[in-house]
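Trainee:
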Amino acid sequence: MEDKLLKELQKKLEAEKILLEKDLSKFADKDKKISYDYDTRFPELDVATRPLASDENAAEIESYANLLAIEHALELRLKEVEEALEKIKKNDGSYGKCEQCHKEIELERLKANPAAKICLKCANQKNN
Ligand SMILES: [Zn+2]
Numbered sequence: 275m276e277d278k279l280l281k282e283l284q285k286k287l288e289a290e291k292i293l294l295e296k297d298l299s300k301f302a303d304k305d306k307k308i309s310y311d312y313d314t315r316f317p318e319l320d321v322a323t324r325p326l327a328s329d330e331n332a333a334e335i336e337s338y339a340n341l342l343a344i345e346h347a348l349e350l351r352l353k354e355v356e357e358a359l360e361k362i363k364k365n366d367g368s369y370g371k372c373e374q375c376h377k378e379i380e381l382e383r384l385k386a387n388p389a390a391k392i393c394l395k396c397a398n399q400k401n402n
């Protein structure tokens, strides 16, 4: 892969990493040991000053479940982005190679998703 393109993709990944970390920090505490692991804070139930109706409670719990789903998706994406950056750093040629068939991943695919791990062909086979 061209150096210039690699730098460009690395920049994209680093920018996405910053955004993901920012999003995650809005509602979750970062786990210091694992950089992509976050713990979602349970929303504080302010029962002392504001008695909650049971349906309000349910809504709060539901929104917590939604947060967990979002957090999970963000974490997964952050993990992918970090793994891709790790491959670039190693500089052993593993970045941009399909993890399944070990061929080069299509450039268009990498430009659209610099954290792609498998090529278009393998991705299509996986979906079928
Ligand atoms: Zn492949």
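Offset between the sequence shown (1-based) and our numbering: plus 274. Quick reminder that beta carbons are idealized off the backbone N, C-alpha and C, glycines included.
Give the straight-line distance between the Cα atoms of D329 and N387, rounded to the nearest whole angstrom.
Mentor: 41 Å
Trainee: Thinking C-alpha only, which one of N398, K300, E357 is nearest L341?
Mentor: Considering only alpha carbons, the answer is K300.
Trainee: Residues in the same chain with beta-carbon distance under 7 Å from E378, minus the five sequence neighbours each way, listed in chain order, please.
Mentor: G370, K371
Trainee: Which of the three DSSP states is assigned to E276 in this structure?
Mentor: coil
Trainee: Between the C-alpha atoms of L359 and L287, what's the straight-line distance to the nearest angstrom?
Mentor: Roughly 7 Å separates the two Cα atoms.
Trainee: According to DSSP, is L319 part of a helix, a strand, or is it coil?
Mentor: Here L319 scores only 49 on pLDDT, less than 50, and its place in the model should not be relied on; the value that follows carries that caveat. The DSSP-derived three-state label of L319 is coil.
Trainee: Verify whether the separation of the beta carbon atoms of K361 and E373 is less than 7 Å.
Mentor: no
Trainee: Got a sec: does ligand 1 put a non-hydrogen atom nearer than 6 Å to the Cβ of Q374?
Mentor: yes
Trainee: Just the C-alpha distance for A333 and L384, rounded to the nearest angstrom, thanks.
Mentor: 40 Å
Trainee: Which term fits E276, buried or exposed, when burial requires 16 or more other beta carbons within 10 angstroms of its beta carbon?
Mentor: exposed
Trainee: What I want to know is whether the C-beta of I344 ends up closer than 6 Å to one or more non-hydrogen atoms of ligand 1.
Mentor: no
Trainee: Closer than 6 Å to a non-hydrogen atom of ligand 1 - does that hold for the CB of I392?
Mentor: yes
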